[in-house]
Amino acid sequence: MATDRIVGIDLGTTNSLVAFMQGETPVVIPGDDGLNLLPSVVALDANNHPVVGNAARNSLIETPERAVYSIKRLMGRGVEDIREELKLFPFRLAEDLQPGEVLRIKLGDKTFTPPEISALILRQLKRSAERFFGGPVTKAVITVPAYFNDAQRQATKDAGRIAGLEVLRLVNEPTAASLAYGLDKKQNGIVAVYDLGGGTFDISILKLHDGIFEVIATNGDTHLGGDDIDNLLITIALDDIRGDLNLDLRRNAEAVQAIRKAVIDAKIALSSQPSIKLDIELPGGQHYRREITRDQYEQLIRPVIDRTVGPCRQAMKDANLKPEQIDEVVLVGGSTRIPKVRALVKELFHREPHTDLNPDEVVALGAAVQANILGGGSEATENMLLLDVTPLSLGIEVAGGVTDKIILRNSTIPASATQFYTTQVDGQTNVAIHVLQGERELAKDCRSLARFDLKGIPPMAAGIPRVEVKFLIDANGILHVSAREQRSGKEAEIQVQPSYGLTDEQVEGMILDSFDNAEEDFRRRQLIEARAETATILAALEKGKKSAAWGQLTTDERKQIAKMEKSLAAVNTEEDYQAIRKAIDLLNQGTMRLAELMMDTAVSTALKGKTMDETDLGEGPTAPHPMAKAEFE
Amino acid sequence: MTKSVLTTIGAKPLPQDTHSCWSCGSMRAAHFCESCGKVQPPVPVDYFTFFGLPPKLNLNVAALEKDFYELSRKLHPDLNASAGSNEQQWSLEQSSLLNDAYRTLKDPIKRTEYLLHLEGVELEEQSKSATEQARATGEIKKQIVPPDLLEEVFELNMQLEELRMSKKMGEDDPALIEGIGKQKLSLEAKHEALLEELQTRWNTWDSLIDRGHAASEERTQATSKMVDVLNRRNYIRNLVRDVNAALEN
């Protein structure tokens, strides 16, 4: 069991969390600061070591050129996709970036791909879980926005691999949330999940039926969230400052980050207060002060939150449902704390939305539920099964640059489609296939997933070969392709040129780098613990030697113990923690009789403590507790 | 979809004697083994056969849904995540087949189209090649207007054009909108009538199946009548869509 711990991870734009099923309930595992939320911020410290979370957040303001946030916005995207993001986010791209290449972001003078940065966040969560369990964690379920395309999903999976995690399943965030909600309310009906997070928006409509969670329709926008509201407020502040003080701070990264922090605090406060006063100290000592009322704020953000309306209507239309037919609406994501968002949801679905679970945690909790199902299930998850859909249609480019859709959006996954291809020239042995994802008519308006070359078709007259190409979307929403020439029965070879994304070799290289580190970290911790134990047992033995019981042992026994003691002392200076543990175990066994004699004669309890601890641990915590170390002054 | 593509689909199916379970040898295995529950290698079958149904068009959708849920509980990859790699691959293929079959059969139109496809009629191909040709030549795709609709369609197109013009000018023409609304209602009624007609075609087809191997003449007649109904239905559905788009804009 210990080797098969599967954790659920919410890899968010703003915050990330790791959770697992503790008995019948999913729980969030806190980080070493005792907090459930790990800010999705990565920075390099002065020694070029990566730091993640709250520690990195300070670096955003002090050394912004060494830090990055909202990296999720860049996952699976190319340089030509992110022009808009670059205007609003301080992403520093590597200068030598080629079009079509996977993005690389500069932190200090090092560069990282988005999956590598995400992997650093994942590794931090992995460590939290390992500390919690007291052992390695290698398997995970990771959530992604339902509206993520194939490239974004693949990039997330790559991040997992780089972090040394086997990603058993990518689960859509709103669906994960519904699992967490469905756990204690096993009822049937139609549920809509409205998920507005830091950077992404999803709407999913599900049919719940005796434990089956069947997604009927999903829609969304992978670039819509709290970030957009922050950027609006930042822009206003920068404009104000430029207008009133004639001070252009747009290129001043430190100042922009200080403003960003202040407006985020203001945004949060405006969810509960009628107005707030911004007061930001600017470089040069001047202050930017401004009052923002709830009314002004709501007018300002209206265009942002209104962008969720279209996807909601489309999802209802696709599901063939009217608002009245939806039994429950669930809110997920930190941005759903905004009262205006809640009002909008109420207006859209004609009912009061549910907010029973913490919108920041519910996705991670659901991921833990799914992890439990994948691990074989338990009483709590018995009969639970998630049937999810592909959010976007899969198509093939045909003559005239037109998209021919072969798997429609909202098809339950796994889903497949078979296409037949032939040749146009005598003796032609290759056929090119362009795979697209999206709803638009023209290939150029859809997302290009990959170009395939079918190779090794036996030379025949034009139109004679019949190549069967099978497209299959797996339960992660990721596409697989296989091909077979039917007349010759030959498997055609498929050569893929992914439009974006890392190659297998690149991922392998990255894994080795960080995986080595993770292993090293784990080994080091084990070594420290083993050496501490050596010190304890050797001290106890010293005491034992001075006791009366020592004299009661035979010469042979004493010789034996001395030998074991010597060999423990020898391995203890080496780096192999497993060898040390073995030597400790041997010495423990070898001194068993000594301990018994000492107990019998009630001379000392020094050795007894050691052996009793291991055999008779009846009370007290059975798992290391998850709290951070207490601080004392 | 980078490297995942290279993991070519198709775990090698084990040599199979009829339908005995590869794991425990029971003879009752189909998609999964009734005795030990293990997922079986997929056998290429049509969607009706997959659900153990005869190729008939009247179908109890509620019963189909129940079967879909029950089979999902056996075949879905989530429930076979800790099985061997062959089983995982079969589970992936079986459940994609299940999902494809359910999606097709639960929808009356898709179900009919699928049956026609099994009968060797390629509806898709006809319209697809016409679309491609139209695009290649830059012409608007010509659809064959059912003769009895000719007059109505002509008038409707005139009205729609008028509506677009008046909207462009920023004018409001309630009488025109009312006229188009009436046309829309009449089209919707025709659509309903066609669905009813399709139902009688289904009944004809199903009784052919019930009588065992029908004469190919009768079969061909039945399918060509269904093709006709589907074509007319598609035509009217597209018209209604155009009208809705014009009214909404």
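Chains A and B, in that order, are what the protein sequence lines are. Residues 1 to 633 (this note's numbering) are what the first sequence spells out, left to right. Residues 1001 to 1249 (this note's numbering) are what the second sequence spells out, left to right. In this text, a Cβ means the ideal position worked out from N, Cα and C, and glycines have one as well.
Are the CB atoms of A371 of chain A and F20 of chain A within a distance shorter than 8 Å?
yes
Given that a residue counts as buried once 16 or more other Cβ atoms are within 10 Å of its Cβ, and exposed if not, what is T554 of chain A?
exposed
Cβ of I9 of chain A within 8 Å of Cβ of T143 of chain A?
yes
6 Å Cβ shell around V1240 of chain B - same chain, five flanking residues per side excluded
L1187
For the alpha helix (DSSP H) holding S1216 of chain B, just list the boundary residues, first then last.
Under the DSSP assignment, S1216 of chain B falls in the alpha helix (DSSP H) whose first and last residues are S1216 to E1248.
Reference D1242 of chain B, options B:K1106, B:R1164 and B:A1083, closest by Cα:
Relative to D1242 of chain B, the option among B:K1106, B:R1164 and B:A1083 whose CA is nearest is B:R1164.
Does DSSP classify M592 of chain A as helix, strand or coil?
Annotated three-state conformation of M592 of chain A is helix, per DSSP.
Do you know how far the Cα of D239 of chain A is from the Cα of T293 of chain A?
The straight-line gap from Cα to Cα measures roughly 18 Å.
Please classify A475 of chain A: does DSSP put it in a helix, a strand, or coil?
coil
For E439 of chain A, which residues in the same chain have their Cβ closer than 8 Å to its Cβ, ignoring the five residues on either side in sequence?
For E439 of chain A, where only same-chain residues beyond five positions count, the Cβ hits under 8 Å are L392, S393, R409 and C446.
Verify whether the separation of the beta carbon atoms of R66 of chain A and G12 of chain A is less than 8 Å.
It is not a contact, given that the beta carbons lie outside the stated cut-off.
For P26 of chain A, the three-state DSSP class (helix, strand or coil):
strand
Over what stretch of residues does the beta strand (DSSP E) that includes Q424 of chain A continue unbroken?
Unbroken run through Q424 of chain A: none, as it is neither H nor E.
Evaluate G635 of chain A with the Cβ neighbour count: other Cβ atoms within 10 Å of its Cβ, from every protein chain shown; 16 or more gives buried, anything less gives exposed.
Outside the shown range of chain A (1 to 633) lies residue 635 of chain A, about which nothing can therefore be said.
Along the stretch 1042-1074 of chain B, where does the CB come closer than 8 Å to a CB of chain A? Name the residues.
When CB distances to chain A are screened at a threshold of 8 Å, the residues of the stretch 1042-1074 of chain B falling below it are Y1069, S1072 and R1073, in chain order.
So which residues on chain B does T403 of chain A lean against when the C-beta distance must stay under 9 Å?
Going along chain B, no residue has its Cβ under 9 Å from T403 of chain A, so there is no contact; the nearest lies around 12 Å.
Taking the alpha carbon of G198 of chain A as the point to measure from, which residue in A:D227, A:A266, A:L449 and A:L208 has its own alpha carbon closest?
Of the candidates A:D227, A:A266, A:L449 and A:L208, the one whose C-alpha sits nearest the C-alpha of G198 of chain A is A:D227.
For N47 of chain A, does the count of other Cβ atoms within 10 angstroms reach 16, so buried, or fall short, so exposed?
Exposed.
Could you check what DSSP says for E379 of chain A in three-state terms: helix, strand or coil?
It is coil, neither helix nor strand.
Ranges of the alpha helix (DSSP H) found wholly within the stretch 219-248 of chain A, counting only runs of at least 4
Listed in chain order, they are 226-245.
Closer than 8 Å by C-beta to R1103 of chain B: which residues in its own chain qualify, once you throw out the five before and the five after it? Chain order, please.
Excluding the 5 residues flanking it on each side, R1103 of chain B has same chain C-beta neighbours closer than 8 Å at K1110, in chain order.
On the three-state DSSP scale, how would you describe N358 of chain A?
coil
Taking the beta carbon of N15 of chain A as the centre, do at least 16 other beta carbons fall within 10 Å, making it buried, or is it exposed?
Residue environment: N15 of chain A is assigned as buried (16 or more neighbouring CB atoms within 10 Å of its CB, all protein chains considered).
Going by beta-carbon coordinates alone, are I6 of chain A and L168 of chain A separated by less than 8 Å?
yes
Please name the residue in A:Y288, A:S271 and A:S272 whose C-alpha comes closest to that of D279 of chain A.
A check of alpha carbon separations from D279 of chain A across A:Y288, A:S271 and A:S272 identifies A:Y288 as the nearest.
Is S1082 of chain B close to chain A, meaning its C-beta is less than 8 Å from at least one C-beta of that chain?
yes
T573 of chain A: buried (16+ other C-beta within 10 angstroms of its C-beta) or exposed?
exposed
Selected residue, minimal CA-CA separation from G376 of chain A, among B:D1107, B:D1100 and B:L1079
Proximity to G376 of chain A across B:D1107, B:D1100 and B:L1079 peaks at B:L1079, based on C-alpha coordinates.
Going by DSSP, which residues form a beta bridge with V41 of chain A?
A:Y69
Kindly say whether L1079 of chain B, judged by its beta-carbon, lies nearer than 8 Å to any beta-carbon of chain A.
Output row for L1079 of chain B: interface = yes.
The beta strand (DSSP E) with R447 of chain A in it runs from where to where?
For R447 of chain A, the enclosing beta strand (DSSP E) covers residues R447 to K455.
Can you give me the start and stop residues for the beta strand (DSSP E) that P465 of chain A sits inside?
First-last for P465 of chain A: undefined, no H or E at that position.
Inter-residue spacing [alpha-carbon to alpha-carbon] between A255 of chain A and S448 of chain A:
38 Å
Taking 7 Å as the limit between beta carbons, can you name the residues of its chain near A155 of chain A, skipping five residues before and five after?
M75, G76, P114, P115 and G501
Given that L1247 of chain B touches chain A, what residues does it touch there, using C-beta distances under 9 Å?
Within chain A, no residue comes near L1247 of chain B; the closest Cβ sits about 16 Å away, beyond 9 Å.
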